[in-house]
Structure formats: structure tokens, C-alpha cells
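Report on the following structure.
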Amino acid sequence: MKHYSDLEYLRLSKGQKIGYKIGSFFTGIPGAIGHFFKNIGGAIKQGAQAVGNEFKDIGSTFANGDWKTKVSFFIMGFGNIARGQVLRGLMFLLFEVVFIGYMVLAGAHWMAMLPSLGKVGPSSEYNAILDTYTTVYNDNSFKILLYGVLTMFFIIAFIYTWRVNVKQNQIAEKILKSGKKLKSGKDDLKSLVDDQFHKTLLALPLTGILVFTVMPIVFMILVAFTNYDGSHNGYTNNLFTWVGLDNFNTLLSWSAGSGGGQSYSATFGEILAWTLIWAFLATFTNYFLGMGVAMMINKKGIRLKKMWRTILVMTVAIPQFISLLYVSKMFARNGLINLSLMNLGWIKQPLPFWENPMWARVSVIVINIWIGIPFLMLITTGILMNIPADLYESARIDGANAWQQYTKITLPYMLFITGPYLLTSFTGNMNNFNVIYLLTGGAPTNPAASGAAGSVGYTDLLITWLFKITTGADSQYYLASVVGIMVFVVVAFISLVVYNVLPSIKNEEDFQ
Amino acid sequence: MNEKRHMGLKSLNRASNTVIYILLIIISIVWLLPFVFIVLQSFRVENTYQVGYVIPQQWGLDNYIRLWTSDFKRWYLNTFIIALASAVLITIIQLCMSYTLSRFRFKLRGPLMRFMLILGMFPGMLTMIILYRVLADLGLTQTNAVPGLILVGVASSGMGYYVSKGFFDTIPKSLDEAARVDGATRFQVLYKIILPLAKPIVIYTILTAFMGPWGDYVFARYVAMGTSAGYNVAVGMYSWLTNDQINNWYTTFCAGGVIVALPVTILFLCLQKYYVEGVTGGAVKG
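Order-wise, the sequence lines are chains E and V. The working numbering numbers the first residue of the first sequence as 1 and each following residue consecutively. The working numbering numbers the first residue of the second sequence as 513 and each following residue consecutively.
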């Protein structure tokens, strides 16, 4: 595609400009992807260099350091204590003792079991006294994987702490050589509410994220490479074990599933396509209609602005599960709408809001508009009022009509300001579990997908499918985990492309 | 001629305003009607299933009395406790996180924010399976679901720092620097200077943290695992609307909906101003 300079671009006709913009968006995609891989390559190279430098630094610290430093390589915190920083030294020492104790008592065992995820499943043992067979539970694959991951985290933390310990010796030696004094334990404590205040503030939140978000995600990514499911729960029935890329092959296979029907990849493709269509429609219908409502209320000469807004805002406050469940039942086969219309004699048969695939898909999008508009109205009202009034003034003097004012001033301004919001809203809608699950539960069922796990329906998103797989009859956790990874890949891909192609990444520091 | 054009514009404006009024009235009706229906049906006495009319033939408080005798009390209390604990703890965690990331420049700040952005791209649903097993090992499921839900909700709340960080970014840094020059520690800057200025975002965070648990469904259902005593309102009331229960419980669901929505809505309308401020700021900053 031809690339225009700024001047050439300005001389294009309107249609050409739009065509050029759309064209350059799509031609930008390969570049953005290439850029991404180049970045990864660069990062790996930098990382390797950094590791090399670390080793060099550690080596020279040992070679050039005094005996206190050398001992600290084996007894952490020794150098600190010997140089008078008792508090720091004791912390290091305590950590080392705890780590070694843990590794000897438990960690080594979990790490040794990790490659096999357990060898001996539950067995029936003959009990001579009672003359019966009782089940004896042996290895627990789930615990092995869980504690294996935990132990790996602990080892990484230990290596990091050990490195900090070495570095501190190096720094302390330097400071003492230059004749200055080291920080005392009291100074250290004081700095936790001053220079190092960020560490105090972040300690709790980051621990929470590490334990309840990072670790579970690592665990679930690993599950995608095992055969963990309802009949291999790793303890009470069968152990589970590593299966390599088998699960990815299953999801992307072209051959028909075991229960008949279409192949897994076709089912996956259908759900992915609907997820993307849904996310697109849900985001943009809400965006434009919400903006429309906000503009109507904002318009000069419209009275009772506050009342109109309050009416809509009230619906934001009502917990979604109430409104969604209620509306879902309202449109049901024997719901309020169908019964009323039949009472009035307008229809003979109930309308198939949730039974017909097309009706169901349109209904969820329309009801989502009902759910989303008040929220978008709230967001856009503030931004609309921030658009400088003189822009409109001069446009009016130049004779621009309302539509021109909208496309030339309002829309570009809004898109620029809310660009990041649109992206997060798109990915949020891809994972909009509540609206789909509470309205339809994924129904109506897709008969062609009967071979796939978790009874797939026509309104199922990837995320509701994931939920259905885990709670379904076989609880195929490994498959759910593969689907989850796929969701991540799609979301990450879209975010990456949009961020790299759209020029509106703003410098964070500009705001301050 | 100019005069004429002016007159034309004026009547055009009046016509378009009339159209807008009509649209706004239609919109208001469409948006409010379902909620009016819920309220009306909650007072219906003659039957408990869905019918083809909205105005009850026989009015009464039967459905509300039935709520009182069902497990609803327990569900309501559970949800209220979770909401209260979340409002306090999530607010503290999120403010620590957002204030630090807005004000401090340390070596790992950039990588940390990028890492959390990537982490946020994983569907939260994915981690439910293991979190459930961990909570089960700790004995925090089923009847003990409430502390379990609080723990998980609070522990992962640090990721949602974006909106309040956007707010802290708008407080001029020169304020901090002036106080630092006068010898205040970082802690004193936060406590004495920033916090009083941050009142709107504190209220916004408390409000959203308090409202969240009222609509929390999936994980709450997972953790309660069919034990009614551990349900929150969403899980409990959902169980009334399954195909085999709905004919018995439909009007009770409506009554429950009113009881759940009323306090939350009133609270929300009172604090609306702060919510709008937070939401708008968050959208602009992304």
C-alpha cells in the first residue's frame, strides 16, 4: 500500500482519507506483530546479557571482598551482623534457616514428585482384623502440583534474597571504605515510613496478588498440560499426570469428537467468532447509543436534565443479577411478555426469545443495550461537557450543521479521549460472564457441538463455555484451562495490535 | 430575510426539542418499567408463578413474610458482612496500591505495572478451580464461605488500582514536594496532605467495593457448593428461578429483589456525585 506524507494526505478526498486510514490500520497489523516479536527477541538478548553481568558481579564480589563478605556467601546476613547492621543480618539469617528447613522437611519431596505428579494411586488394602477391604489414599497429584509450584516460587525468592544479601555486602564495604557510617537498624525501620515507604505500602497488596492471582494462574497454565479432570482428580480416584500438548491438539483437532457432531476446532471457532461479534456489537452499540442519550440530555433548551439523568443512573445501582434474571424470565416462553401478548390475542404461539438461535443472540445484545446505556451515559456526559464550547461556536459561524458538528468535533474528540476505555470495554465484554450466563445460560443448545464438553449453546462465550466445562459432568479442568489460555491469547493479541496501531498512547507523566 | 431564517431555525429547534422530549420519555419508561413490574409483582398474593398481567388482583405482604421465613435472612446477612468487610479492606488495599504507583518512582514500578496489565488479561474464571480447592483445604467453603469469599476478594483487589491512580495523578506533585522540603516524612505527606484531598476517590472506592458483593454470582456459587447457609443473595435467589423452583418462588424473588435493591440504590443515589467523578476520571485515563 502506498504511504502518503502528511501534505499528500491532506490533499486526498474524504473517501480516500477514510480508505487510507482503514488501509493503514490493517497494513499496520503485520508491522505491529513483527515489532512485537522483535521486541521479544531484544528482551531475551537483554535478559541474557543482564544474567551474564550478574554472574560477573557476583564473582568479582567474592574475589575482591573481605572475609566477612566471603562468609556471607554461605551464611546469609553474616556480613551485616559483623558490620553492626544486626537487624538486617538477622532477617537474612532467619530467611535462610526457614528456607533450608522447609526444603529439607517438605520442599525437596514436592520437587522430586513434580516430574511424575505422583506414582501410587489409591489402593484397596485388606484389613485382617475387620476382614474387609479399605481404601488407602497415597499420593495426591493436586497437592504435588500445588506445593511444587509454591516451592518453585520459594526457591526463586531465595535466590533473589541471596543476591540482595551479596549485593549489600559489596555496598557496605564500599561505604565503609569511603569512611561513611552504615545505616543502623533504627534508620532502617524509620525509612520504611519515609524513603522506602513504597515498600511498606505495597507489601500487603502484592502479597495478596502473588498468592491469590499469580500462583493460581501459574498453576492453571500447568494444568493445561496434564489430564486433570473429574475422573483423574489426583487423589480419591486416579492420579493425573503430564500429557504434553495433547489438550491443545484436542481443542484444535479437525476430526469429529467422540460423541459425534462436528470437530472440536469447528466448535471452538464458532464460539470464538460469536464471542468477537458479541464483544464488538455490545461495545459499540452501547457506546454510540449511550453517547446519543447523553447528548440529548445535554442539549441546550432541554429541561429537567437532572431528572432524566437520575432515572437512568438509578438503574446502574440495582445489582445486575436482579435486573438480568428478572428480564430473562420476562422474555421466557411462559414469561410476562409472551403471556401478555397472548392474552391480548396478538400472537398465538409464544415468541422464541431464548429458543431460536438468532432470536436469542439478538435478544442478549438488545438487553445488553438496556443494561449498558445508563453507564455509558454517565461516562460520556462529563467528557461531552468538557469539549470547549468555542469549537462549536466557530463551527456554527462557518455554517456547519448538527451532523457535521458531530462527525467533525464531537466524535473525534470522544474517540481520542475514550480510546483506551473502548479497548478495555471490548475485552471486558469478551469476558462478560454475567450478562450471558444470567440471561440465557448459553442456551439454546447447539446440536452440532454435541461432541464437545460442556453442552455448548449458541449464545455461549468462551468464558461461559469455560465455566460449563468445569461444572459439567466430566469436569474436564484441563480443557477449561486450555480455553482460558486461548482467551488470554486472543485478548493479548487484540490489545497489542490496538495499542501499537493507535497513536493515542499518551505519556503517563503528561498528566502530572 | 435574516429575520426569517432566524425564525425558521427557532421553530426547527423547537421541533427537535419536542422529538427529544418524546424520546426521553420513551427511554425513561423502557428503563423503569421492569423495575416497576418487580415492585408490583412483589405484592401479588393470588399466585406465585409468572402470569400475563402486572397489577396484582389481590395485594398483600405475603411474599415479604415468606422471605422472612426462608433462608433469605441468612443470605442477606452473609452478603452484608461481605460487602462491609470488602468496603473497608479493599479500599485500604487499593488506595495503598494506587497511591504508591502514582507517587513513587522506584526501579520495579514500570515492570510491575506491565506485569499486572498482562495478568489482568487472564480470565479470572480460570483460577476459580484451584482457589476453590485451596479454600476447601483451609476449611473456608460451604458454611464458612463468607470469610473465604472476603479473603479471595480482598487479596486480588490490588489489581483494580487504575481508577484511583488516575485520580491521584491529578493531585499536583508540587504539594508533596513542598511538604517534603518542610521535613515531612512520606507517611506524613500521605496522612496529612493527600488523604484529605482524596476524599472523593476514597468514597468512590468504598462505594464500588460495597456494591460489588451484592451482584457477585459465579465464585460465590462455586465456594458455597450447594450449602444454603453459605449462599449470598445472588446465588440464593438464582436457585429460586431454576425451572423446577420458579413456579413456587417467582413472586418471592421479586420481593427479595426489592429488599436487596432498595438500600443499595438509596446509598448510590446519595453518593452519586462521587461515583460519576470516579467513573469519568477512570474512563479518561484508561
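For every residue, glycine included, the Cβ atom is placed at its ideal position computed from N, Cα and C.
Please classify residue i as buried or exposed, where buried requires at least 16 neighbouring CB atoms within 10 angstroms.
{"i": "residue 813 (chain V)", "result": "The question about residue 813 (chain V) has no answer, for chain V in this structure spans 513 to 798."}
{"i": "residue 466 (chain E)", "result": "buried"}
{"i": "residue 728 (chain V)", "result": "buried"}
{"i": "residue 595 (chain V)", "result": "buried"}
{"i": "residue 96 (chain E)", "result": "buried"}
{"i": "residue 572 (chain E)", "result": "Because chain E here runs from 1 to 512, residue 572 (chain E) falls outside it and cannot be looked at."}
{"i": "residue 67 (chain E)", "result": "exposed"}
{"i": "residue 10 (chain E)", "result": "exposed"}
{"i": "residue 306 (chain E)", "result": "exposed"}
{"i": "residue 135 (chain E)", "result": "exposed"}
{"i": "residue 442 (chain E)", "result": "buried"}
{"i": "residue 677 (chain V)", "result": "buried"}
{"i": "residue 460 (chain E)", "result": "buried"}
{"i": "residue 377 (chain E)", "result": "buried"}
{"i": "residue 385 (chain E)", "result": "exposed"}
{"i": "residue 255 (chain E)", "result": "exposed"}
{"i": "residue 737 (chain V)", "result": "exposed"}
Relative to the alpha-carbon of residue i, which residue among the options has its alpha-carbon at the smallest distance?
{"i": "residue 315 (chain E)", "options": "V:563, V:638 and V:780", "result": "V:780"}
{"i": "residue 114 (chain E)", "options": "E:242, E:39, E:172 and E:65", "result": "E:242"}
{"i": "residue 712 (chain V)", "options": "V:755, V:675, V:756 and V:766", "result": "V:675"}
{"i": "residue 499 (chain E)", "options": "E:429, E:422 and E:442", "result": "E:422"}
{"i": "residue 365 (chain E)", "options": "E:341, E:418, E:99 and E:289", "result": "E:289"}
{"i": "residue 538 (chain V)", "options": "E:370, E:482 and E:400", "result": "E:370"}
{"i": "residue 387 (chain E)", "options": "E:94, E:376 and E:408", "result": "E:408"}
{"i": "residue 372 (chain E)", "options": "E:299, E:483 and E:287", "result": "E:287"}
{"i": "residue 679 (chain V)", "options": "V:654, V:663 and V:710", "result": "V:710"}
{"i": "residue 375 (chain E)", "options": "E:320, E:397, E:329 and E:357", "result": "E:320"}
{"i": "residue 383 (chain E)", "options": "E:132, E:202 and E:419", "result": "E:419"}
Quick one: what's residue i bridged to in DSSP?
{"i": "residue 398 (chain E)", "result": "Answer by DSSP bridge pairing: none, since residue 398 (chain E) is not bridged."}
{"i": "residue 194 (chain E)", "result": "None, per the DSSP bridge assignment."}
{"i": "residue 126 (chain E)", "result": "E:133"}
{"i": "residue 556 (chain V)", "result": "V:571"}
{"i": "residue 242 (chain E)", "result": "E:226"}
What in chain V is Cβ-close to residue i, meaning under 7 Å?
{"i": "residue 426 (chain E)", "result": "Neighbours of residue 426 (chain E) on chain V: none; closest Cβ ~12 Å, over 7 Å."}
{"i": "residue 481 (chain E)", "result": "638"}
{"i": "residue 467 (chain E)", "result": "637 and 730"}
{"i": "residue 326 (chain E)", "result": "546, 550 and 769"}
{"i": "residue 5 (chain E)", "result": "Neighbours of residue 5 (chain E) on chain V: none; closest Cβ ~30 Å, over 7 Å."}
{"i": "residue 387 (chain E)", "result": "Result: empty, since nearest Cβ-Cβ is about 13 Å, beyond 7 Å."}
{"i": "residue 400 (chain E)", "result": "Residues of chain V passing the Cβ test: none, with the nearest at roughly 14 Å."}
{"i": "residue 216 (chain E)", "result": "639, 642 and 643"}
Between which residues of its own chain and residue i is the CB-CB distance below 7 Å, once the five residues before and five after are set aside?
{"i": "residue 188 (chain E)", "result": "87 and 88"}
{"i": "residue 405 (chain E)", "result": "392 and 395"}
{"i": "residue 783 (chain V)", "result": "715 and 719"}
{"i": "residue 514 (chain E)", "result": "Absent from the model: residue 514 (chain E). The displayed extent of chain E is 1 to 512, so no value can be given."}
{"i": "residue 482 (chain E)", "result": "224, 247, 248 and 251"}
Enumerate in chain order the residues of its own chain whose CB-to-CB distance from residue i is below 8 Å, with the five nearest sequence positions on each side excluded.
{"i": "residue 769 (chain V)", "result": "550, 554 and 749"}
{"i": "residue 231 (chain E)", "result": "237, 238 and 474"}
{"i": "residue 172 (chain E)", "result": "79, 80, 83, 85 and 182"}
{"i": "residue 265 (chain E)", "result": "251, 252, 253 and 254"}
For residue i, which residues in chain E fall below 7 Å Cβ to Cβ?
{"i": "residue 727 (chain V)", "result": "319, 320 and 321"}
{"i": "residue 788 (chain V)", "result": "378 and 382"}
{"i": "residue 576 (chain V)", "result": "Those do not exist, as residue 576 (chain V) stays about 16 Å from chain E at its closest Cβ, beyond 7 Å."}
{"i": "residue 784 (chain V)", "result": "313"}
Which bits of chain V does residue i rub up against, with CB to CB less than 9 Å?
{"i": "residue 339 (chain E)", "result": "562, 563, 564 and 565"}
{"i": "residue 235 (chain E)", "result": "Chain V residues near residue 235 (chain E): none, gap ~10 Å exceeds 9 Å."}
Applying a beta-carbon distance threshold of less than 8 Å, which residues of chain E neighbour residue i?
{"i": "residue 664 (chain V)", "result": "212"}
{"i": "residue 751 (chain V)", "result": "Per Cβ cutoff of 8 Å: no residues; residue 751 (chain V) is ~11 Å from chain E at best."}
{"i": "residue 608 (chain V)", "result": "201, 202, 204 and 205"}
{"i": "residue 776 (chain V)", "result": "317, 318 and 319"}
{"i": "residue 570 (chain V)", "result": "Ordered by position in chain E, no residue passes the 8 Å Cβ test against residue 570 (chain V), which lies about 18 Å from the chain."}
Give the interface partners of residue i over in chain E, defined as CB-CB distance under 9 Å, in chain order.
{"i": "residue 707 (chain V)", "result": "The contacting residues do not exist; residue 707 (chain V) stays about 13 Å from chain E at best."}
{"i": "residue 735 (chain V)", "result": "By Cβ distance, chain E contributes nothing, its closest Cβ being about 13 Å from residue 735 (chain V), past 9 Å."}
{"i": "residue 543 (chain V)", "result": "311, 312, 314, 315, 370, 373 and 374"}
In its own chain, which residues sit with a C-beta less than 6 Å from the C-beta of residue i, not counting the 5 before and 5 after it?
{"i": "residue 148 (chain E)", "result": "110 and 114"}
{"i": "residue 123 (chain E)", "result": "136"}
{"i": "residue 572 (chain V)", "result": "557"}
{"i": "residue 279 (chain E)", "result": "426, 429 and 430"}
So which residues of chain V does residue i contact, with C-beta pairs closer than 8 Å?
{"i": "residue 301 (chain E)", "result": "525 and 529"}
{"i": "residue 495 (chain E)", "result": "633"}
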